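Structure, as structure tokens:
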Amino acid sequence: MAEDVINSLTVYTVLTQLLQEVQSILSKLLAVQPVTNIAYQQDSKCVNGVGGPVPIPNEFITNGQTSDLLILITARPSASVATTANCYKDRNSNRPISAHVNLDPNFFFKMSSYTDQIGTLLHEITHALGFSSEFYDGFISANTVFKTMKSFTDASGVATSKTINFLKTPRLISALQTHFGCNVTVPGAELEEGGSPGTAGSHFEKRIFYGELMTGSKATGVSFSVSSLTLSFLEDTGWYQANYTYIVPGSTPLLWGKNTGCNLIFNRCEDWNVGGSLSESYFCTDRTRTRCTFNLLSKGFCQLRTYDTNLGYYEHISTNPNIGGIDSLMDYCPYMNPVSFSGCRGSGSGEPFEVYGGNSACWDSNLVTSRALKSVDARCLEYACDANTTTLRVRVGNTWLDCPQNQSFLNITTGFEPGYNGYIACPTNGYNILCDRTLRVPLAPTTPFTTTQLPTSQGTTRAPRTPSTASTKYTYTIVLIALVMHALL
Ligand SMILES: [Zn+2]
Numbered sequence: 002m003a004e005d006v007i008n009s010l011t012v013y014t015v016l017t018q019l020l021q022e023v024q025s026i027l028s029k030l031l032a033v034q035p036v037t038n039i040a041y042q043q044d045s046k047c048v049n050g051v052g053g054p055v056p057i058p059n060e061f062i063t064n065g066q067t068s069d070l071l072i073l074i075t076a077r078p079s080a081s082v083a084t085t086a087n088c089y090k091d092r093n094s095n096r097p098i099s100a101h102v103n104l105d106p107n108f109f110f111k112m113s114s115y116t117d118q119i120g121t122l123l124h125e126i127t128h129a130l131g132f133s134s135e136f137y138d139g140f141i142s143a144n145t146v147f148k149t150m151k152s153f154t155d156a157s158g159v160a161t162s163k164t165i166n167f168l169k170t171p172r173l174i175s176a177l178q179t180h181f182g183c184n185v186t187v188p189g190a191e192l193e194e195g196g197s198p199g200t201a202g203s204h205f206e207k208r209i210f211y212g213e214l215m216t217g218s219k220a221t222g223v224s225f226s227v228s229s230l231t232l233s234f235l236e237d238t239g240w241y242q243a244n245y246t247y248i249v250p251g252s253t254p255l256l257w258g259k260n261t262g263c264n265l266i267f268n269r270c271e272d273w274n275v276g277g278s279l280s281e282s283y284f285c286t287d288r289t290r291t292r293c294t295f296n297l298l299s300k301g302f303c304q305l306r307t308y309d310t311n312l313g314y315y316e317h318i319s320t321n322p323n324i325g326g327i328d329s330l331m332d333y334c335p336y337m338n339p340v341s342f343s344g345c346r347g348s349g350s351g352e353p354f355e356v357y358g359g360n361s362a363c364w365d366s367n368l369v370t371s372r373a374l375k376s377v378d379a380r381c382l383e384y385a386c387d388a389n390t391t392t393l394r395v396r397v398g399n400t401w402l403d404c405p406q407n408q409s410f411l412n413i414t415t416g417f418e419p420g421y422n423g424y425i426a427c428p429t430n431g432y433n434i435l436c437d438r439t440l441r442v443p444l445a446p447t448t449p450f451t452t453t454q455l456p457t458s459q460g461t462t463r464a465p466r467t468p469s470t471a472s473t474k475y476t477y478t479i480v481l482i483a484l485v486m487h488a489l490l
């Protein structure tokens with residue numbers, strides 16, 4: 002359609018800026034073991050991507066490839082925002098060395114947020130780096146996937162089952178246990194079983210890893226998280242070393258499920274029971290009330306849909322088997338969706354004493370300043386963090402109150418201006434969620450591959466790199482070369 006057409010100059014300009022930023026991010030985030038003799042045959046092409054073959058440009062055939070990863074970019078109309086197809090792997094290490102990324106011009110270039118575009122590109126390039134089912138068998142450390150059947154009997158008595166895959170590489174398992182605070186043996190990081198063939202198996206399960214960079218679709222109302230899960234997985238390929246302390250601009254810490262124990266890993270969402278009895282952040286059944294979202298930054302609403310048939314394996318509300326959440330990649334688990342992107346830090350309405358702005362967070366509460374008590378829903382109120390005593394505080398009127406970590410209720414009845422009545426629920430782990438913005442818990446600074454020498458490549462087409470001082474094996478020199486082949490208009 003005419004209104005969907007964007008010209009190739011726009012594509013080129015946007016891409017140049019985005020790719021410079023993405024290249025800068027990756028060069029700080031990952032070190033790679035260089036391959037020293039990337040040479041392509043004449044007429045080499047990437048053939049598996051959207052819209053047919055893309056030739057490797059002649060300069061890389063004649064002169065060799067001096068970058069660690071060659072990304073060929075097209076802007077062809079397609080069914081999804083962005084798609085990545087692997088092209089060539091290094092014949093010794095199996096490491097991917099080139100890929101074709103297609104960015105749909107009708108979706109990608111019209112994304113409202115620069116951060117979303119960066120997140121999408123990082124997601125696609127992470128597929129190209131090895132996060133894709135086609136690579137799992139080729140890692141330096143093999144035996145990476147655990148498969149199991151999960152069964153469920155729905156309210157009508159019908160049993161259904163699904164095959165579920167888990168990535169069980171060692172550092173990823175360690176990162177997983179650390180993130181959730183789950184210290185028992187785990188099968189691995191569950192992979193997405195839903196979505197298209199390109200989605201299933203090549204993403205983290207969104208129900209468990211909501212917000213993580215490598216889930217199959219973006220989380221609502223939160224920016225992407227480049228978590229220790231993705232970084233440790235990339236290290237487990239044996240091809241990269243990650244810098245856990247580098248914070249990607251625009252990213253947010255992974256908070257979904259953080260320190261909630263083993264429930265999200267092992268249980269169905271209706272049995273998660275996290276966040277205490279008051280919170281419905283992670284699993285909700287009542288669309289009539291607002292409650293706080295999991296990151297405590299926004300009022301949320303329980304988004305439910307009534308389906309024509311019962312949801313079978315994805316049935317979560319046994320009393321209403323046709324009702325479930327709206328997102329198939331969340332396995333139809335209903336949870337609190339933010340009412341607006343900016344949440345309590347933006348603007349909104351509510352009780353007269355509520356405070357919106359950069360210092361505000363969401364509190365489940367029935368607090369009122371009128372005499373008529375109300376049922377519990379969400380309130381935006383200012384908060385503060387005391388790092389010395391690791392205490393979360395909330396301001397009511399002119400009074401700052403300490404909020405314990407264990408979801409106790411603060412009764413607001415005496416010592417306040419006349420009219421205040423009700424309570425505020427202090428969220429479980431509230432201090433950790435709102436105050437501890439540590440991006441990742443770094444793993445021990447070793448990799449299981451330090452003693453493994455890759456076979457040395459024969460033949461040379463380019464000079465070897467100068468090793469970095471930090472490591473003689475890996476260098477922080479991921480170089481991406483972007484080529485806009487053409488925008489189909
Ligand atoms: Zn993807």
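The numbering used here puts the first residue of the sequence shown at 2, with every later residue one more than the last.
By construction, the Cβ of each residue, glycine as well, lies at the ideal position given by its N, Cα and C atoms.
The structure presented is a predicted model; accordingly, all values stated were derived computationally and were not measured.
Q.
According to DSSP, Tyr424 sits in a beta bridge with which residue or residues?
A. Asn412
Q | Contacts around Gly139, its chain only, beta-carbon distance under 6 Å, and the 5 residues preceding and following it disregarded | A | Asn95
Q | Cα-Cα separation between Gly416 and Trp364, rounded to whole angstroms | A | 20 Å
Q: Within its chain, find whatever has a CB closer than 6 Å to the CB of Phe210; leave out the 5 residues flanking it on each side and keep chain order.
A: Thr216
Q. What are the boundary residues of the beta strand (DSSP E) that Phe302 is part of?
A. Lys300 to Cys303
Q.
Just to confirm my understanding: we take Val249, look at its own chain, exclude 5 residues before and 5 after, and list those with CB closer than 6 Å. What are they?
A. Ile26 and Val227
Q: Could you check if Met337 is buried or exposed, using at least 16 other CB atoms within 10 Å of its CB as the buried criterion?
A: buried
Q) In three-state DSSP terms, what is Arg297? A) The identity of residue 297 in the sequence shown is Leu, whereas the question assumes Arg. Coil at Leu297, not helix or strand.
Q.
Just checking Thr294 against ligand 1 - is the residue's beta carbon closer than 8 Å to any of the ligand's heavy atoms?
A. no
Q | Sequence ranges, beta strand (DSSP E) only - wholly within the stretch 34-121, length at least 3 | A | 70-76, 83-90 and 97-104
Q) How is the alpha helix (DSSP H) around Leu312 delimited, first residue to last? A) Per DSSP, Leu312 belongs to no alpha helix (DSSP H) and is neither H nor E.
Q: Out of Thr307, Tyr333 and Lys46, point me to the one whose CA is closest to Ile324's CA.
A: Thr307
**Q.** Where the beta strand (DSSP E) containing Asp378 begins and where it ends
**A.** Asp378 to Asp387
Q. What whole-angstrom Cβ distance do Leu297 and Ala385 have, given they're in contact under 8 Å?
A. Leu297 to Ala385, Cβ: 14 Å. No contact.
Q.
Given this structure, state the Cα-to-Cα distance separating Thr370 from Glu355, to the nearest angstrom.
A. 10 Å
**Q.** Nonlocal neighbours in the same chain, by C-beta distance under 7 Å from Thr11, ignoring five residues either side
**A.** Phe110
Q. My guess is that Ser224 and Gly251 are in contact by the Cβ rule of under 8 Å, so how many angstroms apart are they, rounded?
A. 6 Å
Q) Considering only C-alpha positions, which residue in the set Pro353, Val15 and Pro171 is nearest to Met112? A) Val15
Q | As assigned by DSSP and simplified to three states, the class of Gln242 | A | strand
(Q) If distances are taken between C-alpha atoms only, which option among Cys303, Asn93, Met150 and Ser229 comes closest to Thr164? (A) Met150
Q | Cβ-Cβ distance between Ala201 and Leu192 below 9 Å | A | yes
**Q.** Where the beta strand (DSSP E) containing Ile497 begins and where it ends
**A.** Outside the displayed span of the chain (2 to 490) sits residue 497, for which this structure offers no information.
Q) By DSSP, does Cys404 sit in helix, in strand, or in coil? A) strand
Q | Enclosing alpha helix (DSSP H) for Ser366 [first to last residue] | A | No alpha helix (DSSP H) contains Ser366, which is instead part of the beta strand (DSSP E) from Ser361 to Ser366.
Q: Check whether the Cβ of Gly251 lies closer than 8 Å to any heavy atom of ligand 1, and answer yes or no.
A: no
Q. Anyone know if the C-beta pair for Cys404 and Gly344 falls short of 9 Å?
A. no
(Q) Could you tell me the alpha carbon to alpha carbon distance between Tyr41 and Pro171, rounded to whole angstroms? (A) 34 Å
Q. Which first and last residues belong to the alpha helix (DSSP H) in which Phe210 is found?
A. Lys207 to Phe210
Q) Just the Cα atoms here: how many angstroms apart are Leu30 and Leu235? A) 11 Å
Q. Cα separation between Thr289 and Asp378?
A. 10 Å
Q. Got a sec, what are the start and stop residues for the beta strand (DSSP E) Leu214 sits in?
A. Where Leu214 is concerned, there is no enclosing beta strand (DSSP E), given that its DSSP letter is neither H nor E.
Q.
I need the straight-line Cα distance from Ile98 to Gln66, nearest angstrom please.
A. 9 Å
Q: Tell me Ile324's beta-bridge partners as DSSP assigns them.
A: Thr307
**Q.** Residue from Glu383, Asn103 and Cys270 with nearest C-alpha to Gly359
**A.** Glu383
Q: Report yes if the C-beta distance between Leu232 and Ala190 is below 9 Å; otherwise report no.
A: no
Q) Quick one: what's Val23 bridged to in DSSP? A) Answer is none; Val23 lacks a bridge partner.
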